[in-house]
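K.L.:
Residue numbers (the numbering used here): 532 to 684.
To start, I am sharing the structure in question, which I have written as structure tokens.
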Amino acid sequence: MIKLQPIMKSSQEFGFFQVIIHGAFEGLMEETMNVIQEFFRLPGFYSNDSGISQICRIFSSTLNYHKEDFHYWSDNITHSCHPVEDYIQSLPEKPTRYRTTIHTTFFEARKFLLRILDLICEGLGLIGYIEGELTKVQVFLDWECQNTMILIS
């Protein structure tokens, strides 16, 4: 159970607060990371026939890779996620459990984050402020880089 007072006290004292989930989503996050890693191991995932729509895109390194003197590594997958029902068909078809796993992850993460935002708004006297258009989210995930000296995150 997330409580308002510790968030407000920490925000007033330090200017920020830290959320420690203590394993609440550990199994779900592990499954999500597994399915995403499996996706990136698929042969030809950068090709046009990977089942990825224009809404869901893969980026590798930087946009100006060929012009850079020093190359940074950054592979990521970006896709819209809210409302997830509008975007579920744009997610990759393989691995087969990708869509259901990502759907569940988006749903649970969104519910958790909206609860925190609601508590912050309550503490500021803005009850009900985070609604409608303000609740749309984007998710970005960086993959582990073997050489952290060239990682952009």
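Note that the Cβ used here is the ideal one computed from N, Cα and C, for glycine as well.
1. Step through the CB atoms of chain B and report whether any lies within less than 7 Å of the CB of Pro614.
2. Looking at the structure shown, is Thr627 part of a helix, part of a strand, or coil, going by DSSP?
3. For Phe570, is the classification buried or exposed, using 16 other Cβ atoms within 10 angstroms of its Cβ as the cut-off for buried?
4. Does the separation of the CB atoms of Leu535 and Gly656 fall below 7 Å?
5. I'd like the list of long-range same chain contacts for Phe556, defined as Cβ closer than 7 Å, with 5 residues on each side in sequence excluded.
6. Near Ser541, which residues of its chain fall below 6 Å by C-beta distance, leaving aside the five closest residues on each side in sequence?
7. Exposed or buried, what is Phe545 when buried is set at 16 or more other beta-carbons lying within 10 Å of its beta-carbon?
8. Using the Cβ count rule (16 or more neighbours within 10 Å means buried), how would you classify Arg630?
9. Just to confirm, is the Cβ distance from Thr627 to Leu559 under 7 Å?
10. In this structure, how does DSSP classify Phe548 when only helix, strand and coil are distinguished?
11. Identify which residue in Thr632, Arg646, Asp600 and Tyr618 has its Cα closest to the Cα of Ile538.
P.N.:
Considering the structure as presented:
1. The question asks about chain B, but that chain is absent: this structure has only one protein chain.
2. coil
3. buried
4. no
5. Glu639
6. Phe548
7. exposed
8. buried
9. no
10. coil
11. Arg646
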